[in-house]
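Notes follow once the structure below has been shown.
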Amino acid sequence: MRSPNPAAFAAPSGPARAGARTAGQPWRTPLHTQSLHTAPTDPPAAPARQHGDGLAARSLRAVWHPCTRLRPGGDRPPLAVVRGEGPWLYDDEGRRLFDATSSWWVNLFGHANPAINAALKDQLDTLEHVMLAGCTHAPAVELAERLSALTGGALGHAFYASDGASAVEIALKMSFHYWRNSGLPGKREFVCLRHGYHGETVGALAVTDVAVFRDAYDPLLMRAHVAMSPDARQAAPGESPREVAQRALDELEALLQQRAASIAALIVEPLVQCAAGMAMHDPAYLDGVRALCDRYRVHLIADEIAVGCGRTGTFFAWEQSRGRAALGAQQWPDFLCLSKGISGGYLPLSLVLTRGAIQQAFVADELSRSFLHSHSYTGNPLACRAAVATLDLFAQHDVLAMNRQRAQWLAEGLASLAADARLRHVRQRGLIWAADLHEPFASETFAADFHRAALEHGVLIRPIGNTLYVMPPYVFDAPLANWLGERLLAALDSVVAPAGAAREARHAA
Ligand SMILES: *Cc1c(COP(=O)(O)O)cnc(C)c1O
């Protein structure tokens, strides 16, 4: 069994490697002290660190951190990361941390992956950027061709952007514009799922149903229909995940029956609603929504920004919509959004794939029928090249087959957690594993408490509310999965009374 860089994936033994962090500390060499065109001289030795002067403290003063609260009493300093290698991150104190959630679900083949690094270095010396309007370049073309081939040619015409939210905006606009070009301008509403997440720009937020991200901006947002989620955790006693999915489909059909003439598209996160807390559903739901969208003439947008690129066991999550049977062209979604893992977690890149028939509706002499959407860095060559190198890794190392093995290792490594009485709704789809804290132990501070405790145990992880999940890079072996399970259990013990005590407490209650 081969992995791209076995040495980097081995389970840790002994203390974290110090010393390696002396290499590459760019912030110690301020740009303005040297010409951009001469080789940097060795940076001066770092001054002794004074309290409040470290990278983390400077960051709090200089950087407005994403998805982070500002509190009157001052904030905890962020983790200052100086280096990454394989699944490991190293902080400025030489601590080694396992990147258990792939740096917000983007990393696939580890940090500083030698193959992606080499491709990027070559691209850097060849062409760093050129605009994609009126110009083209090999990485953008090759990536688009190869992604289309991965859908058996059903989808293609890659439209590039940089962030996931931008890809969602593009899909929404394209869908509406397609109907308008087709003489149906009244089809301008969108349907999203309960607790769905599609990004945080104003258009994407309108089809997002996560209160913490949405509520403050609600007055700014376009109105979308929110349909029942197929989340299998909603099962009534005796109800199967498939029956929950069917209930969600029935509800959706009732809405479409009434309003399809006004609806442009339905947007879904196939198989796993990640930001909702890794809510998973029966794959039959996907086949069901495809049929409903056909019947009621509504576009189907698959947001595979988080679940694409092999996370769920197939390259596209959608490939599981018919129990992994080969898909006919009509069985794919009408739009498919990718981002996050597509560049291997290296550079901001997103894209929308769609059908030839949809692109055809934009072929016209009139300006108003054209899709005049762009971003400055659309199709950036470095980002596309990182993505091509990522696809190369999939092909060269039979990653999807290896990931089936890794999913098994993950299940085994986390088996004691899965059996723990403090957790319930244990679920796994490919390389996404999740469980919820049982109600008696749930708390508003669990996510933050567990995050801090796990750091002490060598793991970087951020639960979502009371959902503990891991989504590791595809670079671990069985011993490392076991190590991860032990560390997470230890972290859990330090924030929630151990299971025995907990069980007694529950019985007493
Ligand atoms: C992360 C995510 C997005 C938004 O991507 P950004 O790059 O953060 O804008 C959209 N949809 C899903 C399903 C995501 O997980």
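In numbering that gives the first Met the number 0, the protein residues as written are 0 to 508. Ideal placement from N, C-alpha and C gives every residue a C-beta, glycine not left out.
Alpha carbon of residue i to alpha carbon of residue j, nearest angstrom
i: tyrosine 473; j: arginine 384; result: 20 Å
i: glycine 464; j: alanine 446; result: 6 Å
i: proline 240; j: alanine 264; result: 25 Å
i: methionine 277; j: tyrosine 284; result: 16 Å
i: leucine 204; j: tyrosine 159; result: 20 Å
i: leucine 509; j: glutamine 427; result: Outside the modelled stretch of the chain, which goes from 0 to 508, sits residue 509, for which no answer is possible.
i: glycine 185; j: histidine 176; result: 11 Å
i: phenylalanine 97; j: leucine 409; result: 14 Å
i: serine 2; j: alanine 79; result: Only weak support exists for where serine 2 lies, its pLDDT of 41 falling under 50; the value from the coordinates is given anyway. Rounded to whole angstroms, serine 2 to alanine 79 spans 29 Å at the Cα level.
i: proline 282; j: serine 493; result: 36 Å
i: alanine 324; j: glycine 355; result: 23 Å
i: leucine 346; j: cysteine 336; result: 16 Å
i: proline 462; j: alanine 210; result: 17 Å
i: serine 181; j: arginine 246; result: 32 Å
i: histidine 197; j: proline 269; result: 12 Å
i: proline 25; j: alanine 111; result: Here the model assigns proline 25 a pLDDT of 29, short of 50, so the residue's position is not dependable, and the following value carries that caveat. Between proline 25 and alanine 111, the C-alpha separation is close to 16 Å.
i: glycine 307; j: leucine 107; result: 11 Å
i: leucine 392; j: alanine 114; result: 8 Å
i: glycine 412; j: leucine 390; result: 28 Å
i: tryptophan 432; j: tyrosine 468; result: 5 Å
i: aspartate 364; j: phenylalanine 315; result: 35 Å
i: tryptophan 104; j: leucine 348; result: 14 Å
i: leucine 291; j: glutamate 252; result: 7 Å
i: phenylalanine 212; j: glutamate 199; result: 7 Å
i: proline 497; j: glutamine 319; result: 38 Å
i: glycine 344; j: asparagine 116; result: 12 Å
i: arginine 60; j: histidine 374; result: 30 Å
Reference residue i; option with closest CA among the options
i: alanine 406; options: Arg421, Phe393, Ala477; result: Ala477
i: aspartate 90; options: Ala490, Val458, Leu479, Pro497; result: Val458
i: glycine 340; options: Gly309, Ala363, Pro332; result: Gly309
i: glycine 378; options: Glu199, Trp104, Ala139, Lys120; result: Ala139
i: valine 495; options: Arg296, His450, Pro471; result: His450
i: alanine 99; options: Trp178, Gly85, Phe393; result: Gly85
i: glutamine 329; options: Ile357, Arg403, Phe212; result: Ile357
i: aspartate 435; options: Ala386, Thr466, Pro462, Arg421; result: Thr466
i: leucine 350; options: Asn116, Gln122, His136, Ser161; result: Ser161
i: leucine 183; options: Arg421, Asp391, Arg296; result: Arg296
i: arginine 179; options: Leu126, Leu149, Ile262, Val267; result: Ile262
i: alanine 234; options: Glu188, His424, Met401, Ala382; result: His424
i: alanine 259; options: His194, Ala153, Met279, Phe189; result: Phe189
i: threonine 353; options: Glu141, Leu154, Cys66; result: Leu154
i: arginine 232; options: Met279, Gln272, Ala223; result: Met279
i: alanine 386; options: Arg60, Gly53, Glu141; result: Glu141
i: alanine 166; options: Leu326, Phe334, Ala223, Ala148; result: Phe334
i: glycine 202; options: Gly163, Leu220, Leu192, Arg187; result: Leu220
i: leucine 454; options: Pro380, Arg95, Glu318, Val62; result: Arg95
i: alanine 382; options: Phe370, Tyr468, Asp121; result: Asp121
i: arginine 368; options: Gln359, Asp448, Gln256; result: Gln359
i: asparagine 481; options: Ala441, Thr444, Ala417; result: Ala417
i: aspartate 208; options: Leu326, Trp63, Cys273; result: Cys273
i: alanine 157; options: Val129, Arg70, Tyr216, Ser338; result: Ser338
i: histidine 194; options: Pro218, Ser228, Leu171; result: Ser228
Cβ-heavy atom distance, residue i to ligand 1, below 7 Å
i: glutamate 168; result: no
i: histidine 128; result: no
i: glutamate 318; result: no
i: isoleucine 304; result: yes
i: glutamate 268; result: yes
i: serine 338; result: yes
i: aspartate 162; result: yes
i: alanine 275; result: no
i: tyrosine 196; result: yes
Distance between beta carbons of residue j and residue i, contact taken as under 8 Å
i: leucine 254; j: alanine 226; result: 6 Å
i: serine 102; j: proline 77; result: In fact, because the Cβ distance is near 13 Å, the residues do not count as touching under 8 Å.
i: isoleucine 300; j: serine 174; result: 7 Å
i: leucine 399; j: threonine 313; result: 7 Å
i: aspartate 302; j: valine 267; result: 7 Å
i: serine 415; j: leucine 488; result: 6 Å
i: histidine 437; j: arginine 421; result: 6 Å
Within-8 Å CB hit, residue i to chain E
i: arginine 57; result: Note that chain E does not occur in the displayed structure, where there is just one protein chain.
Any non-hydrogen atom of ligand 3 within 7 Å of residue i CB
i: glycine 72; result: As for ligand 3, it is missing from this structure, which binds only ligand 1.
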